[in-house]
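Note that my numbering has the sequence shown beginning at -13, numbered continuously upward. Every residue gets a Cβ at the ideal spot worked out from N, C-alpha and C, and that includes glycine.
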Amino acid sequence: MSGPILEVTDLTQHFPVNRRDVVHAVDGVTFSIQRGQTLGLVGESGCGKSSCARSIIRVYDPTGGRIVLDGEEITHMSQKELQPRRKKMQMIFQDPYASLNARMTVRDIIAEPLLAHHVVKSREEANDYVYPMLERVGLTREHAGRYAHEFSGGQRQRVGIARALVLRPELVICDEPISALDVSIQAQVVNLLRDYQQEQGLAYLFIAHDLSMVRYVSDLVGVMYLGQLVELCAAEEIYAHPLHPYTQGLLSSIPVANPKLAREKEQSGIEGDLPSPVNPPSGCRFHTRCPFAKEVCSQEAPCMKEVSPGHQTACHLY
Ligand code: SF4
């Protein structure tokens, strides 16, 4: 099948907090992911990237917009209708401590999706998938009988990855999969995901809170601010020519080893706190923190537009 594996159009996810107030977690987000491609989705905590992921995987019912998976609209499918399609789209969670069932052995954790999707009929049959998968993620079949608490954080995340990949999905949503891991382990997990992608041609939506984490995995990068996508383009382009002032701020806050460069960067970080998504600022949502804000910015919301081929941003400066 040709065409993108995932198309998200004008996705909106609001959560009522009481009778009057609504959290605008995701507001009008549009992007698509081609087969075998990785889209890195980046933004501060609370910017809506995880809500976006959970709406796509249909943990939440989207308030508005459209989600098309492998050419089929799934936006409002019931859980029963979604069940056979879930095989195509799996998720790797941020917290390898919380996302694995402490009472199950690693073998059972990885076998569970195979049994749920009737890929195998018995636990014995599942071993034919579980053992190669364990080895593929850098563990061994001797690990199969152990429980999650017997592993390090990096090993647990490998188990989480094995569970997500064992169904051979076409799209994996990686929700901050390396944020909870030691820096020394992060590169190993990223390399594992990237190597597996090269072998199997699957696509990733890779969510992270800073641009340094998605640099080596992404073909495209999208930057979110307060529920909205503010910039989207090829990965190398965003690091070389960031256009949106928020993206520029995010890039300048990436730590650097050189002390002189670090001092220069400190002066250009993003000031102020993320405003409340219950009552987002009028016009451009970034205007309360933007060093380039002009009068129009608080009055009119800028739309995403293509500023150069394949490079979109939402800012009145362009
Ligand atoms: Fe800054 Fe205005 Fe651009 Fe928003 S639209 S990022 S406030 S310059």
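In this structure, serine 284 and serine 268 form a Cβ contact; the two beta carbons are roughly 6 angstroms apart against a cut-off of 8 angstroms. Within the same chain, Val209, His230, Tyr232, Ala300 come within 6 angstroms of valine 216 by CB-CB distance, once the 5 residues on both sides are set aside. Scanning the region -6 to 48 for uninterrupted beta strand (DSSP E) segments of 3 residues or longer gives 8 to 19, 24 to 28, listed from N- to C-terminal end. Within the same chain, Cβ atoms closer than 7 angstroms to the Cβ of arginine 275 are found at Ile256, Glu257, Gly258, the five residues on either side in sequence being excluded. Cysteine 301 has its CB nearer than 7 angstroms to a heavy atom of the ligand SF4. Shown here for isoleucine 164: same chain residues with a beta carbon closer than 6 angstroms to its own, the five before and five after excluded, namely Gln172, Val175 in chain order. DSSP assignment within the region 139 to 221 yields the following whole beta strand (DSSP E) runs of 3 residues or more, N-terminal first: 157 to 161, 189 to 194, 206 to 211, 214 to 220. In this structure leucine 151 is in contact with methionine 119, their Cβ atoms being roughly 7 angstroms apart against a cut-off of 8 angstroms. For the pair isoleucine 53 and valine -6, the CB atoms are nearer than the 8 angstroms cut-off. The beta carbon of leucine 303 sits closer than 7 angstroms to those of Phe278, all from its chain and outside the five residues before and after it, given in chain order. For lysine 280, the Cβ falls inside the 7 angstroms cut-off from some heavy atom of the ligand SF4. The three-state reading of DSSP puts glycine 51 in strand, counting E and B together.
Taking the C-beta atoms as reference points, valine 92 is found no nearer than 8 angstroms to leucine 100. Assigned with DSSP and collapsed to three states, serine 294 falls in strand. If you draw a straight line from the Cα of cysteine 219 to the Cα of alanine 148, it comes to about 30 angstroms. Isoleucine 78 is bridged by DSSP to Cys160.
A straight-line Cα-Cα distance of about 7 angstroms links glycine 124 and arginine 144. Annotation: cysteine 38 to glutamine 214 spans about 10 angstroms, alpha carbon to alpha carbon.
Following the DSSP letters along the chain, one finds glycine 235 inside the alpha helix (DSSP H) bounded by residues 231 to 238.
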